[in-house]
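To start, the structure under review is shown below, and the notes come after it.
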Amino acid sequence: MRRARLLRSTPFRLALSFGLFFIVALLVAGAIAYGLMERELARAIDRSVGDTYSVVASTYSSDDLEDLIAAVDTYSALKNAEDQVFLLLNERGEKLAGNIRTSQIKPGLSTMPAAVLGLSGNDPIRVMAGNVGGNSLVVGQSYRETDAIEHIVLASFLWASGLIVAVVIVGGALLAGRATRRLESIERTMIKVSGGNLACRIPVRGNGDDIDVVSTHMNHALGRLSSLVESMRQVSADIAHDLKTPLNRLRMTIELALQRQGQSETVEGLLLDAREECDRIDATFGALLRISQIEAGAGKARFKPLDLREIMASVAEIYEHVAEDNAQTLELKLQASAPSTINGDRELLTQLFVNLIENAMTHCPAGTRISMTLTVTDQAYLACVSDNGPGIPVEERELVFRRLYRLDKSRTTPGSGLGLSLVKATADLHSAPITLKDGRPGLQVCLSFPRI
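Just so you know, the sequence shown maps onto residues 88 to 539 in the numbering used here.
This is the structure we're talking about:
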């Protein structure tokens, strides 16, 4: 089973494909190299035969045939006829010297079978024949050495090809096995995740290869999925917890109204209370739905260039008098004099700053100073809403962005715990990282909007 899976694996097939291409390229290159070598060896034999012929022929001088005969006899005695041949014939075709007996050789260079020259074996012989002082001189050399060299080269090439094939198969199997084990770890992780274990992660070796990159991205996706599922679980629990009290109040109000109605008492006030409770419940669900729509990117279609200064100024102008009525102070500080242009949704951004200001006003006592500031950096516009109130404990600064999470565990203060969740969703939609800082005293909420 494992062997069949290895043979079907993509790394193994890629290794085999690459090996096949390499072998084909090697065969083509080897054939070209073999052809060039064969041609060069043939030229070398021609040069050797020609040089030997010239040396032997140079021993002849006018009317002095003895030196030529002695030279042919000397070379014939030194060389095996199977390797080199020499022959000297007079004008009548009679043999004067040499180690072969034939007169069927044409002048010039030619290739003769060994049998034609009266020799044993099948190796062809390259011969050169010419006239020296009216005599016929024949010098030849066997192809035995060049054939041996060619056979060695060919055998080496075949052995090398076989070795390469073996290395490709073995190396492909090793590489495929290594990659398959890592892919199996991904498979096992995904099986566990599909079984509900969202805490499971893919092992990462840290060598930065493509599998590591994919594994890292998948781990990030799993982390995001885990946080979303956990958020959904938390939201479900928070909804059940937060709506249980108003629903109980609504039920008690209705039961009281029914009781009074049976006693012929007026129930108008109780019905108004019931309607207000229904409105608060409806507002909570409406806010949850709005957050979900924002997180799904519904507002992206309405994005257009906006002046962030103008939005902050309009919100500050509206809430300046509300702050005065609460015995608080709201001030606006804009560093940028020119328009601070960003891409965004005006309605969502307005609601974002409204939520931040209302959150500060609700949780800060009288006399609190609230400020809205806008500063400009090289890459972004930094918008902050600060106050000198009680602030938020460090351990709860990330928790406050959760839906329905409230610092007031007893739920005695008004609110649904969705204001900062809506702020976070809107900030993420606008690619504006949000941070909570210690105002020393108080809280500072900063958003970094990318410039366009």
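Glycine included, C-beta positions come from ideal geometry on N, C-alpha and C. Note that the structure is a prediction, hence the values are computed from the model and not measured.
Through-space distance from residue j to residue i, alpha-carbon basis
i      : j      : result
Thr499 : Gln348 : Per-residue confidence for Thr499 stands at a pLDDT of 49, beneath the threshold of 50, marking its modelled position as unreliable; no derived number is given.
Ser535 : Met459 : 14 Å
Arg288 : Gly295 : 17 Å
Asn446 : Leu376 : 20 Å
Ala410 : Ile278 : 55 Å
Ala263 : Val300 : 18 Å
Asn177 : Leu128 : 33 Å
Gln466 : Ala519 : 12 Å
Ile521 : Asp369 : 28 Å
Ser401 : Ser302 : 47 Å
Arg489 : Ser104 : 53 Å
Asp151 : Leu123 : 43 Å
Gly220 : Ala144 : 9 Å
Leu395 : His304 : 34 Å
Glu397 : Arg362 : 37 Å
Leu107 : Gly283 : 44 Å
Tyr230 : Ser135 : 12 Å
Arg179 : Trp246 : 54 Å
Gly476 : Cys451 : 5 Å
Glu558 : Asp234 : Residue 558 cannot be examined here, being either before or after the span of the chain that is shown, 88 to 539.
Arg338 : Leu357 : 11 Å
His517 : Glu382 : 11 Å
Rounded distance between the beta-carbons of residue j and residue i, thought under 8 Å
i      : j      : result
Met448 : Gln422 : No, Met448 and Gln422 are not in contact; Cβ-Cβ is about 24 Å, not under 8 Å.
Val472 : Leu509 : No, Val472 and Leu509 are not in contact; Cβ-Cβ is about 14 Å, not under 8 Å.
Ile187 : Leu206 : 7 Å
Val252 : Ile110 : 7 Å
Met199 : Gly137 : Actually they are not in contact, since the Cβ atoms of Met199 and Gly137 sit about 16 Å apart, beyond 8 Å.
Leu175 : Ile156 : 6 Å
Exposed unless 16 or more other CB atoms sit within 10 angstroms - verdict on residue i
i      : result
Ser379 : exposed
Val254 : exposed
Ser497 : Residue confidence is low: Ser497 scores 44 on pLDDT, short of 50, so the model does not pin down where it sits. Its coordinate-derived value is still stated next. Exposed, by the Cβ-count rule.
Asp432 : buried
Cys57  : No answer is possible for residue 57: the residues shown for the chain start at 88 and end at 539.
Arg527 : exposed
Met319 : exposed
Arg269 : buried
Ser163 : buried
Arg335 : It should be pointed out that residue 335 corresponds to Asn in this sequence rather than to Arg. Exposed, since its Cβ has fewer than 16 Cβ neighbours within 10 Å.
Pro194 : exposed
Gln171 : buried
His238 : exposed
Lys511 : buried
Gln228 : buried
Arg213 : buried
Pro392 : exposed
Val226 : buried
Thr340 : buried
Which listed residue (the options) has its alpha carbon closest to that of residue i
i      : options                           : result
Val463 : Gly478, Ile457 and Ile429         : Ile429
Leu285 : Arg311, Leu103, Met459 and Asn294 : Arg311
Glu483 : Arg338, Asp525, Gln466 and Tyr406 : Asp525
Ser272 : Asp234, Ile298, Val252 and Ala131 : Ile298
Ala532 : Ala120, Gly478, Leu505 and His517 : In the sequence on display, residue 532 carries Val and not Ala. Out of Ala120, Gly478, Leu505 and His517, Gly478 has the C-alpha closest to the C-alpha of Val532.
Asp474 : Val487, Val481 and Ala453         : Ala453
Leu224 : Tyr147, Cys451, Gly249 and Leu419 : Tyr147
Ser281 : Ile256, Leu309, Ala260 and Gly259 : Leu309
Ala120 : Leu175, Glu232, Val240 and Ile212 : Val240
Leu101 : Ala184, Asp412 and Ala260         : Ala260
Leu507 : Cys451, Leu343 and Phe440         : Phe440
Leu435 : Ala247, Met339 and Gly386         : Gly386
Leu461 : Thr267, Asp234, Phe244 and Met399 : Met399
Pro211 : Gly258, Glu232, Gly217 and Phe244 : Glu232
Phe99  : Trp246, Asp160, Val257 and Ser248 : Val257
Min CB distance residue i to chain C below 9 Å
i      : result
Arg130 : Here chain C cannot be found, since the structure has a single protein chain.
As an exercise, report each continuous beta strand (DSSP E) stretch of at least 3 residues that is fully enclosed by the segment 206-281, in chain order.
Entirely contained in the segment 206-281, the beta strand (DSSP E) runs reaching 3 residues are, in chain order, 212-219 and 222-229.
Curious, which full-length beta strand (DSSP E) runs of at least 3 residues does the segment 399-442 contain?
For the segment 399-442, whole beta strand (DSSP E) runs of length 3 or above, ordered along the chain, are 416-421 and 428-431.
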